[in-house]
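Numbering (our numbering), first residue to last: 132 to 318. A quick write-up on the structure given underneath.
Structural data, given as structure tokens:
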């Protein structure tokens, strides 16, 4: 698999093979595109929930949404885990996989941007959910609009036979906003 360079990323975006909306050309790096933090945050209702059953997830009871504007940060406390999403929606063709990673500057503050879901499947379209954790010993301010992660693109050896948007098992197609777990919908 080949990782796309900045030149290739620009070309694929101009050809509309990869779409990023809204797109800021200045966010293209040598081999990735920086993505920005949205203003929606899903937080766990720790005091109301005794446990999480992955076979029976009650999303409305488990999490609540917090909205912030660009001047008012969400403060993530040590050991806290939240969900948010990118401002940008990303759409990939059947022959390109995205690789989401946190930016080093945030990692150096103890912020982990995704706990497990770094793979953006061929055929995916939507905003990317961020699984954010603070592993530092201090609270950290998260400002909406901040460049928080980056996505790199890899060209597959051949197009996927069943891209994400075609698979009936795909649970997060055309996702908008932070998506809570739908693990209970798996067979």
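Even for Gly, the Cβ is constructed at its ideal location relative to N, Cα and C.
Range of the contiguous beta strand (DSSP E) that encloses residue i
{"i": "residue 149", "result": "Segment: none, residue 149 is in no beta strand (DSSP E) and carries neither H nor E."}
{"i": "residue 207", "result": "205–207"}
{"i": "residue 195", "result": "194–198"}
{"i": "residue 271", "result": "271–273"}
Cutoff 6 Å; reference residue i; Cβ partners in own chain excluding five residues on either side
{"i": "residue 224", "result": "148"}
{"i": "residue 159", "result": "137, 140"}
Residue i - partner residues in DSSP beta bridges
{"i": "residue 232", "result": "281"}
{"i": "residue 217", "result": "168"}
{"i": "residue 250", "result": "230"}
Distance, residue j Cα to residue i Cα
{"i": "residue 211", "j": "residue 246", "result": "12 Å"}
{"i": "residue 152", "j": "residue 144", "result": "10 Å"}
{"i": "residue 86", "j": "residue 254", "result": "Residue 86 is absent from the model: the chain starts at 132 and stops at 318."}
{"i": "residue 174", "j": "residue 205", "result": "11 Å"}
{"i": "residue 200", "j": "residue 218", "result": "13 Å"}
{"i": "residue 234", "j": "residue 146", "result": "27 Å"}
{"i": "residue 291", "j": "residue 215", "result": "28 Å"}
{"i": "residue 198", "j": "residue 182", "result": "25 Å"}
Where residue i falls: helix, strand or coil (DSSP)
{"i": "residue 265", "result": "strand"}
{"i": "residue 144", "result": "helix"}
{"i": "residue 257", "result": "strand"}
Close Cβ partners of residue i (< 8 Å) along its chain, the five nearest in sequence each way excluded
{"i": "residue 249", "result": "230, 231, 232"}
{"i": "residue 169", "result": "215, 216, 217, 218, 258, 275, 308, 309"}
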